Amino acid sequence: MNNLPKQTADIFSILSRGNFISSNGSKGKLFDIITYEDNYALLREYFSHTGYTLEKGHNYYYFSQPDEANLVMEKKLEQFAYYIDVMDFFSSMDLKPTVGTRYRITQIAEECFSNERLKQKIFALSRREKIIDKVAEVANDLTLGGLFEQEDEDTYKVMDAIHYLEQVISLITIEEDGEQKNP
Amino acid sequence: MENKRILNRIIFINIANTDYADVEIAGNTCFVGTNNMGKTTLQRAILFFYNANTRWLGISQSQKTFEDYYFQYPNSYIIYEVATEDGLFHVMVYRNTKIFYRFVEGAFEQEYYLTDKEALLPKGVLAKLNEYKINYSDQVETFERYRNIIYGADPDKKFKKFALMKGNANYHNIPLAITSIFLSSESVIKAEFVKECIANAIGSKHTTIELKTIERQLRQFTERYHDIETFFRKENAQRSELIRDNFTYIQQLKVKQRMQAAELGGALKNAEVQKGTISIQVADKKEILTKLETEFKEKDDQHKEKNKEVNQEIGALKSKLKEADKKANEYEEKGIVDLLREAEEKPQFQIELQAREHEYGTLTASFKDVEQQFKTLLDSLENEKKEFANVLSSQGLQLDKKHHEDKNALHENFRQEEASVKEKHRAEADQLKQMKTQHEFSIKDAEFKEKEIRKQRYFAQEITQLKTNIEDLSRRKVERNSALAVKQNNVDMLKKEGDHIRERNRSTTEQYIEKNKQEVTGLEERIKAIDEKLSVYQHAFFGYLQEHYPDWYETIGKVCNEEILFNKELNPKLLKKSMDSLYGIQLNLSNVKVYSKTLEEYEQERSMLRDQIAALNHAFLAFREEQARDEQSKLASIGKKSVHLKNEIMQLEYEATQDAQKEKQYDLDLHEWTRKGEVQREKDLIEVYTLQEGVKKEIASLAKTLAEVDAVMKTENTTLQQTFNDKLAKLDKTFAKEAEKIRSQKDDKLEEFEERKGKLQKEKSGVLKKKGIDDTRIKKLKKEIDDIRAALKNLEDNAELINDYRKDKRELFDRLDEFKSEKEKLEERIKQSDKEFTQQKDIFAKTRKQLEEESRRLMDSLKKFVDGLNHFEQHFRGKTLYDRLRHLIDPAPATFTETDIIGICSQLQANDNEFHNQFDKFRGNISEFAGRFRPDNHLNFNINTAVGEGEYERFASYLDEFYAENKIQISIAEVAKSHGMLIDAISSKMKALTEYKGRVNKMISKMEADFSKASFESSKLIEYVKLKSEDSENKVLRKLQKITDFREQNPFLYGEANLFNTNNSAKSEIDKRSVELLNELQKTISEEHYDEINVQDLFELRFRIKEGMNDTGWIEKIDKVGSTGTDMLVKAVIYITLLNVFIKESTEKTTRNFKVHCIIDEVGQISAPYLKELINFAEERNICLINGLPNESKLETHYNYTYKFRKDTNGYVKVVPLLTMTVEP
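These protein sequences, in sequence, are chains A and B. Note that the working numbering has the first sequence beginning at 23, numbered continuously upward. Note that the working numbering has the second sequence beginning at 310, numbered continuously upward.
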């Protein structure tokens, strides 16, 4: 494994925390390194011994774990349900959450003030008192998940990893009786 | 007084808690006083003379500031009196909002400042000085200026006389060392301090590398580099292309949308107009149709009415014929023929009867005279004969008359019938002729119509419109082709121009590089020569002179060239000092120029040369940037024009494609309309032909009918003639027969009469012979009479029948032919009328069909417009799309459009949907593209999402412009420049800095030499104080050094202004490495938190002190050496040594004709012998000590001046001299 990139430890430390490495984030260099020549195959093989599988998305990488405890999966599903609501919130905005989009917390809060639907949605997402804090909380949650990246105090950028969320949401089918089913 | 410059006295006037104190300090001075008596205040004031820095006086922040504590009154003064070789001058320090200085010639005199023991205000002092004609300087307002004057570094010559020493620009170490000694006498002596002093001693303004600046520049560089790197990423390049494509497509969709909107507006207006026009046309057609129908109905009624009358007539005729037939049968059954014959014979019967009756009478009247009888008989016979002849002639006359009458009647009848036939046929023929003429007219009409049809241009409006469109298109095509050719030529020309500019710039750059290289090489050679000199000077004559012959510049320096000065083989030996001769010959060199240079001058020259190289490099970088800017601006202008032209070409090509499609469509439409027109023409011609054929047939039929009618007429005429002839012949025959009959009757009668006459004659003769009567005869006569009477009676009985018959014959039977003919005529009339009516009906049906067809066509057209308008109202007006486009739709003028309103609405909607789909993609691409750059990237790839959709279009326009003007080139040039300048700046600064290494080492050597002299021979207190320098451990410096080394290894890495050119792999590797080095430097700077890199960072300094048995080893700081007293002593020694070295350094070129003070407070812990040694140690170095002691002891006996501090009754501190003496060494 002499050919492993020297940033392998950095890559592992980010991905093993459940984060993504997106091409358009501040960790773009790491993305380039994984993408460079045979590094992806090498790293995939290398990380496979740790119980993680290095997965490749559209301009992002992440770890998957084939065997997970039910409790963990349940937690993840809960988290995912939350993400779906968050995506629903952002998708209801004038500015849709496409890759590279920059959101300003104050701007989102302003839109929430003027849009009753958004207001209701953000109220359902966060228990904070002020709307601006609610928005910040949601944005921070997405940042923690590696779907957003905070650029400055007020600005968050949508990462390539948002595709992961979109892809999973697109896989959800709603049965006629209203029950959701993940194929 | 010694002939040396020294701070001679310090006078306090209203300073702190001293009203007046005059303290002479022109030697080692000791202040004795208990705490809080003002010792330190005075010492600080002395220190203030040397450092003129209110913050470096050891005043803590909790205490009053220097200004507030010392200068409490406007008439507070500190006066420093300085002794010089030429006399005294004094410095007046006072406060007027801030502290000011004035240099006053002459010694301090109380009366200048005090009047009646009251201090004057500065104005008063100046007035006094003026009064005493004492010269004084202008007010010196800054500490820096004051220091420069005192240390002899002020350029103003009039202040030269007020200098304590003739120092150079690096005098700062002297006040620093004096200050440090005062402030840190009890604290740790850190290597850092010494390093700082060394740095100060040798440093100049160029020695400091401001890391904040470098870090800022590095950050800017790396950010910009990163921006450009991001820009060149493959996916970003692809995405930018995608964005531009998207944008072009969106623009096209917008143009299309605008066109369609205008088309819709035009179509709507046109529909409104057409709706009105067509409605009127439809109403007109309906009205015409209704009128036509009404007229036809009237005609139909008339026709029916007319036919009804004729039919009634025919019916009447038919009934008459029927009745005639019936009656003829009845008459026939009743034997009318015999009756009529008998009736005709009635007069004969009556005559016969009369004759028979007469004969009978005669025969029966007694046979009178036979003669008579016979005469009578004969007479009677003769009478009868005559009567008979009369009757016959009457009959003959009657017959003749009748014959003539019959003949005339027959003629008349014939003429009538002929006339009737003629009349009948003439009417029919006229009718037929009329019809024929009508048909001929119809034929002519049809022929005219045929010509019209042949001439007619079907769907002329559509075809004209299409042809106009095609003509427009072909005209536009020609114009466009010409415009395309012109634009293409322009693009080619611009490309050539661009190539020319690039080529010219490339050659200019090459020339510049060549020139620059030559200049740099020349300068480097000169630097190399200086380096060589500097590396060998210590072993050459130059080094010897430096070491052993001060001021050699003024003598030997004027007569020796550099070859001799830097010759190592000369083995110089000083035979006799101060003998200014050249091999025994005295020369007046006062007007001779000094040829030799000092070390500093060499260094300065080298530094200057380096500066020149740096300047050349900077000039090159600036040139390259300027050239890149110039090239970019020219190319941008060209690119802008080129892109503009290309856009126009693209637009033209797009229009060409659109027009080609349109042309194709128009051609197809034209073909279709022409085909439709031809089909319609064919149809119309067929109709006309059919009509013509029909009419021709009709005409032929009419001609035939006419011929037939003529033939019939002829036949009828012939028949009539024949009938007439036959009848005439028959009549003649009958007449002849009747005449013959009469003649025969006459002949018979005459014969009978002759026979009877003969018979009578015979009878007469028989009677006469026999005379008797014959009854057979009478019987026969009787029977004949009865028969005649019966016949007459029968006639009488049937007279009514005969009359009826005759009436019927006259009224019916004789007119049967007339009736039949009349009936036929009437039937023919009906037939003709029906035929005529059928024709009219056909024309009506045709006209109605045509009208209905036209009406239907108009209705269809109207429906299309109405449906379009309704569709627009119901499905388009309410949409936001309409609101967006209403400014284009509403004002559009009415125009004919190929596509109907519904079609245009659908197209607009489809276009809008496509636009939104494309815009979503466009927005996504832009977000993704811009998202890959830093939010504040220098390429300005930012989106203000709050602005809305327009922002994305602005972004795309900017991107277009960016590519068109190749703006990245400016960024690349800027980054290349900043890269080059950064590396160059770092390298040159590092070079400048490392050049000081030699001087640092020299300084350290000097210090070490001085320290070696510091061993106290008598007491052996300090065995040695050693110093050494080691390589720096500063990480930032190492990185800087790496960059400098890299720069040295790659001396001319600025050949190309593009850090991102991957064509040259070797250059690319070098660039990559250089950028990595800069990144590492930036990282290290941010990690290490250094603000700057100075000379002191070039090396590490280590002390080693052996005091008694204590050996500190190589240490970084001197914390505690021995006991407190020893420690103080050692530190004082070190400081004094440092001060001495610094003074030497600062006044290298001048003789040491001055003394400075070294202020060390609280020296009470040092033992008297050591203190004495210390004083001597300082004395040897022209340094006077000023010490403070809390109590009087024997120590003060070692000083030249000793003062005691005490307070008077007013609380003012009084400084009282205890004794003044010079301690013998």
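Just so it is clear, CB atoms sit at the ideal spot from N, CA and C, and this is done for glycine as well. What you are looking at is a predicted structure, and each value in this text was computed from that prediction instead of being measured.
- The continuous alpha helix (DSSP H) containing ASP1176 of chain B extends over residues 1125-1184.
- Nearest in C-alpha terms to TYR460 of chain B, of all of B:ILE1213, B:LYS467, B:THR586, B:SER1455, is B:SER1455.
- Around the beta-carbon of ILE196 of chain A, fewer than 16 other beta-carbon atoms lie within 10 Å, marking it exposed.
- Looking at the backbone, the Cα of GLU654 of chain B and that of SER689 of chain B are separated by about 22 Å.
- The shortest CA-to-CA distance from HIS1398 of chain B to any of B:ILE752, B:LYS1140, B:LYS521, B:ILE334 is the one to B:LYS521.
- Taking a 10 Å sphere around the C-beta of ARG1138 of chain B, we find 16 or more other C-beta atoms and assign the residue as buried.
- Burial check for MET95 of chain A: the Cβ neighbour count within 10 Å stays below 16, so the residue is exposed.
- Residue pairing from DSSP places PRO1526 of chain B in a beta bridge opposite B:TYR1512.
- Here LEU430 of chain B is exposed: its Cβ has fewer than 16 other Cβ atoms, across all protein chains shown, within 10 Å.
- For the segment 155-184 of chain A, the set of residues with a beta-carbon nearer than 8 Å to any beta-carbon of chain B comprises GLU173, ASP174, THR177, LYS179, VAL180, in chain order.
- Within 8 Å of the CB of THR123 of chain A, the CB atoms of chain B belong to SER1236, GLY1240, THR1254, in sequence order along the chain.
- Comparing alpha-carbon positions, the option among B:THR374, B:SER1297, B:ARG1052, B:ARG1241 lying closest to ARG542 of chain B turns out to be B:ARG1241.
- Cα atoms of ASN41 of chain A and GLU132 of chain A: separation of roughly 30 Å, rounded to the nearest angstrom.
- Counting C-beta pairs with one atom in each stretch, the segment 897-908 of chain B and the segment 1230-1237 of chain B have fewer than three that are closer than 8 Å, which means they do not touch.
- As the crow flies, the alpha-carbon of GLN659 of chain B is around 39 Å from that of ARG724 of chain B.
- Rounded to the nearest whole angstrom, the C-alpha separation of VAL845 of chain B and THR864 of chain B is 22 Å.
- DSSP lists A:TYR82 as the bridge partner or partners of SER44 of chain A.
- Looking at A:ASP32, A:GLN101, A:SER35, the one whose alpha-carbon comes closest to that of LEU147 of chain A is A:GLN101.
- For the set A:GLU67, A:LEU37, A:SER44, A:SER38, the Cα lying nearest the Cα of ASN25 of chain A is the one of A:GLU67.
- Within the segment 93-140 of chain A, the runs of beta strand (DSSP E) that reach at least 3 residues and sit entirely inside it are, in chain order, 124-126.
- Under the 8 Å Cβ criterion, the segment 734-742 of chain B does not count as touching the segment 1032-1052 of chain B, having fewer than three qualifying pairs.
- Remark: C-beta atoms of GLN1218 of chain B and ARG990 of chain B do not approach each other more closely than 8 Å.
- When 8 Å is used as the limit between beta carbons, ASN46 of chain A is near these residues of chain B: GLU1237, GLY1240, ARG1241, in chain order.
- PRO484 of chain B sits buried, since 16 or more C-beta atoms from the chains shown fall within 10 Å of its C-beta.
- Around the C-beta of ASP60 of chain A, fewer than 16 other C-beta atoms lie within 10 Å, and the residue is accordingly described as exposed.
- The straight-line gap separating the alpha-carbon atoms of GLU749 of chain B and LYS1005 of chain B is approximately 8 Å.
- The residues LEU1125, PHE1128, LYS1129, LYS1132, in chain order, have a CB closer than 8 Å to that of LEU630 of chain B in the same chain once the five nearest residues on each side in sequence are set aside.
- Contact of THR128 of chain A with chain B is not assigned, every C-beta pair being separated by 8 Å or more.
- Across the segment 105-120 of chain A, CB contacts with chain B closer than 7 Å involve LEU117, THR120, in sequence order along the chain.
- Here the segment 1110-1117 of chain B does not lie against the segment 600-613 of chain B, with fewer than 3 beta-carbon pairs under 8 Å apart.
- For a Cβ distance threshold of 9 Å, residue set LYS118, THR120, VAL121, GLY122, THR123 of chain A lies close to GLY1233 of chain B, ordered along the chain.
- At a cut-off of 8 Å, the C-beta of PRO1244 of chain B has a neighbouring C-beta in chain A.
- Contact between the segment 1293-1313 of chain B and the segment 1395-1413 of chain B is established, with three or more Cβ pairs separated by less than 8 Å.
- Of the candidates B:ALA570, B:ASP1143, B:GLN913, B:PRO1202, B:ASP1143 places its Cα closest to the Cα of ASN620 of chain B.
- Here DSSP, grouped into helix, strand and coil, assigns LYS1335 of chain B to strand.
- Counting C-beta pairs with one atom in each stretch, the segment 1343-1351 of chain B and the segment 1311-1325 of chain B have fewer than three that are closer than 8 Å, which means they do not touch.
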